[in-house]
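Data block below; observations after.
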Amino acid sequence: MSALGCGVGSSADEIIGRPAFTLSGKKAEVELVAVSPAELGFEGKTAALRDVYARAQLLSLLLAPAEIAPQLRLQYLDQPIGEFLILAMEPIRTWAGEAVILTVANGGAGLILIGQDGQDGLDLPVRSRFVFAFALVHPAFHRQRHLLHSQR
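Just add 1 to the spot in the sequence shown (first one is 1) and you have the numbering used here.
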């Protein structure tokens with residue numbers, strides 16, 4: 002990643018080295034969709050991670066394999082400053098037992114892959130952006146997905 006000017010935070014680096022972080026033996030194309038809890042219908046200021054995942058799954062969105070995060074970081078080199086995309090994934094535990102999920106970010110100091118708290122009860126702002134894998138989709142979400150793409 003460093004050859005492309007991308008950094009890796011310490012938590013992300015640690016979980017990438019864990020046995021639970023696996024790589025597929027086959028090349029695959031995965032369609033991804035970025036959505037906020039607010040776009041999933043959450044009101045208020047925050048939503049629990051487990052509730053965001055549950056609501057998204059009702060709309061046929063899937064948790065993505067963790068290996069998507071480093072690939073997304075390498076492929077999304079024109080990420081706008083200030084954008085943080087949280088990969089919707091099963092958390093991976095650090096050696097100390099902390100649940101971590103991955104975020105593809107550009108905080109202004111450069112492109113980076115970071116780890117963040119992945120506890121299922123964690124409250125996150127409803128304006129946070131999550132990246133889910135896209136499955137065969139509920140017809141109502143097709144319209145929402147189209148709206149998401151047209152807003153970019």
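The beta carbon of each residue, even a glycine, is placed where N, CA and C say it ideally should be.
Keep in mind the model is a prediction, meaning the values are calculated, not measured.
Handout entry: Selection from 12, 24, 4 and 87 that minimises the alpha carbon distance to residue 34
Key = For the purposes of this step, residue 34 is taken as residue 33 along the sequence shown, with counting starting at 1. With distances taken between Cα atoms, residue 34 lies closest to 87.
Problem - Continuous beta strand (DSSP E) assignments of at least 3 residues falling wholly in the segment 15-98 - result: Counting only runs of 3 or more, we get 33-36, 47-49 and 84-88.
Exercise for the section: Go through its chain and collect everything with a Cβ distance to residue 7's Cβ below 6 Å, but skip five positions before and after it. Expected result: Residue mapping note: residue 7 aligns to position 6 of the sequence shown, counting from 1. Take residue 7, set aside five residues on each side of it, and the residues of its chain with a beta-carbon closer than 6 Å to its own are 74 and 112, in chain order.
Problem - residue 110 in three-state terms, based on DSSP - result: Here residue 110 corresponds to residue number 109 of the sequence shown, with the count starting at 1. Here residue 110 sits in coil by DSSP.
Handout entry: Per-residue burial, residue 60 [other beta carbons within 10 Å of its own, 16 or more giving buried]
Key = Sequence index remark: in the sequence shown, residue 60 carries index 59 (1-based). It counts as buried.
Handout entry: DSSP three-state assignment for residue 125, whether helix, strand or coil
Key = For this step, residue 125 is matched to residue 124 along the sequence shown. DSSP places residue 125 in the strand class (E or B) of the three-state scheme.
Handout entry: Candidates 48, 32 and 67, of which the one nearest residue 135 by Cα
Key = Looking up residue 135 in the sequence shown gives position 134. When only C-alpha atoms are compared, the closest one is 32.
Handout entry: C-alpha gap between residue 92 and residue 77, whole angstroms
Key = In the sequence shown, counting from the first residue as 1, residue 92 sits at position 91. In the sequence shown, counting from the first residue as 1, residue 77 sits at position 76. Answer to the nearest angstrom: the Cα atoms are 22 Å apart.
Practice task
On the DSSP bridge assignment, give the partners of residue 4 in chain order.
Solution key: Looking up residue 4 in the sequence shown gives position 3. Per DSSP, residue 4 has no beta-bridge partner at all.
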